[in-house]
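Notes follow the structure.
There are 2 protein chains.
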Amino acid sequence: MNFSKTTEYSLRILGFMAIEDHKLYSAEVLNQNLDIPFRYLRKQLTRLTNDGFLISYRGKAGGYKISKPLNEITLWDIVNATGEDSLYHECIFGFDSCAFGNKCALHHKWAKIQNSINDMLKNTTLEELKRTKPERFTIQHNLMLTKNV
Amino acid sequence: MNFSKTTEYSLRILGFMAIEDHKLYSAEVLNQNLDIPFRYLRKQLTRLTNDGFLISYRGKAGGYKISKPLNEITLWDIVNATGEDSLYHECIFGFDSCAFGNKCALHHKWAKIQNSINDMLKNTTLEELKRTKPERFTIQHNLMLTKNV
DNA sequence: GCTAAATAATACCTGAAGGTGTCAATTATA
DNA sequence: TATAATTGACACCTTCAGGTATTATTTAGC
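Residue numbers (my numbering), protein chains in the order written: chain A, 1 to 149; chain B, 150 to 298.
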């Protein structure tokens with residue numbers, strides 16, 4: 001009952017980069033801050049670039065930066081891009097057909113929770129994350145050796 | 150962002166058996182009703198028995214039945230028994246240490262959702278499921294060939 | 001007691017998520 | 001232009017949840 005590692009990593013990466021969203025971050029710097037295996041981080045950075053969240057700059061002094069205004073990127077966008085199983089209409093019993101119409105009491109309770117998760121993801125942008133920096137990120141933020149473009 | 154198959158199956162099995170909780174259900178009958186691969190269902194039934202949710206009767210005309218009053222079995226008990234990752238104190242970024250104290254806005258939103266899930270699971274017993282039979286279960290319930298002990 | 005029908009135990013198989021290794025392509029700067 | 005530092009591409013490895021196969025054990029009923 002968690003997001004996949006890949007989803008968590010995506011949130012970490014973009015959540016971290018949002019703190020100073022105009023900086024260019026190298027994979028090396030991100031690796032020093034985010035506790036994600038280097039090779040896998042690299043793979044995910046390429047994916048996030050292909051998915052349009054990041055712009056990459058190759059060559060010496062290259063790196064990544066966030067591609068659009070922070071208030072245009074919701075957590076929902078990020079979560080969905082990882083191929084995370086949809087949170088819509090999931091039955092707690094795992095039945096495909098249990099999601100529509102009037103079902104058990106459990107179904108209503110579960111739908112309510114699902115909706116609260118979906119709403120939260122859809123209504124939270126990276127902008128909000130920037131305003132309220134996660135403590136974990138800020139602790140290590142001093143260590144960063146970032147560069148301006 | 151779902152429960153594991155194993156958790157879903159456990160909920161299905163016990164949710165179904167709760168509808169007529171004094172009946173003895175064979176693995177065969179459960180298989181006909183629950184859309185769970187037979188061998189895997191068998192394995193899970195043995196596990197649920199070892200975990201104390203079911204009592205098994207071996208030999209001809211054997212089967213399984215629920216071991217205690219329905220109001221003593223919460224969904225929380227079932228979910229936890231499958232080894233489902235704890236829903237307590239999970240950080241949406243997947244950091245172990247991000248779960249305590251005052252963190253980002255996201256942390257508070259996430260904790261609120263986690264709590265609502267935990268509360269729901271802890272406050273819902275099989276008794277409630279019995280009272281409000283899932284449609285999917287009742288549809289097929291006529292097909293059952295159950296036996297009394 | 002024999003047989004059939006049920007569960008128990010144990011080992012194995014499989015696909016996909018997560019993770020790694022290697023080399024190619026790009027680019028700033030000396 | 002040579003070099004070093006960066007990302008891109010692509011193939012491979014590993015682990016484990018989910019699923020399968022086989023044989024042993026138990027018991028009702030003839």
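Where is the CB? At the ideal position from N, CA and C, for every residue including glycine. Just so we're clear, the structure is a prediction, and the values are computed from it rather than from any experiment.
The beta carbon of F202/B does not come within 9 Å of any beta carbon belonging to chain A, so the residue lies off that interface. Under the Cβ distance rule, E221/B does not count among the residues neighbouring chain A, no pair being separated by less than 9 Å.
Only those residues of the stretch 161-176 of chain B whose C-beta falls short of 8 Å from the nearest C-beta of chain A are listed: R161, G164.
I113/A reaches chain B at I262, S265, I266, M269, counting residues in chain order whose Cβ is nearer than 9 Å. Secondary structure remark: continuous alpha helix (DSSP H) runs of at least 4 residues inside the stretch 181-240 of chain B, in chain order: 187-199, 224-230. At the C-beta level, L129/A and G15/A come within 9 Å of one another.
In this structure, DSSP gives T156/B a helical state, which the three-state scheme calls helix.
One finds nothing in chain B with a Cβ atom closer than 7 Å to the Cβ of P37/A; even the nearest lies about 13 Å away. S153/B has its alpha-carbon roughly 14 Å from the corresponding atom of L190/B. The count of Cβ pairs closer than 8 Å, one atom from the stretch 20-29 of chain A and one from the stretch 46-64 of chain A, reaches three, so the stretches are in contact. Annotated as distal: N2/A and T74/A, with beta-carbon spacing of 9 Å or more.
In the DSSP assignment, T132/A is bridged to no other residue. Using a CB distance cut-off of 9 Å, R136/A counts as an interface residue toward chain B. I241/B belongs to the set of residues whose beta carbon lies under 9 Å from a beta carbon in chain A. As the crow flies, the alpha-carbon of I117/A is around 20 Å from that of T132/A. Distance from the CA of G52/A to the CA of V29/A, rounded to the nearest whole angstrom, comes to 21 Å. Using a 10 angstroms sphere on the CB of I204/B, the tally of other CB atoms stays under 16, which defines it as exposed.
With 16 or more other Cβ atoms from the protein chains shown falling within 10 Å of its own Cβ, E157/B counts as buried.
For D226/B, the nearest beta carbon of chain A is not closer than 9 Å to its own beta carbon. K192/B and N180/B have their C-alpha atoms roughly 12 Å apart. For D77/A, same chain residues with a beta-carbon under 7 Å away, outside a window of 5 residues either side, do not exist.
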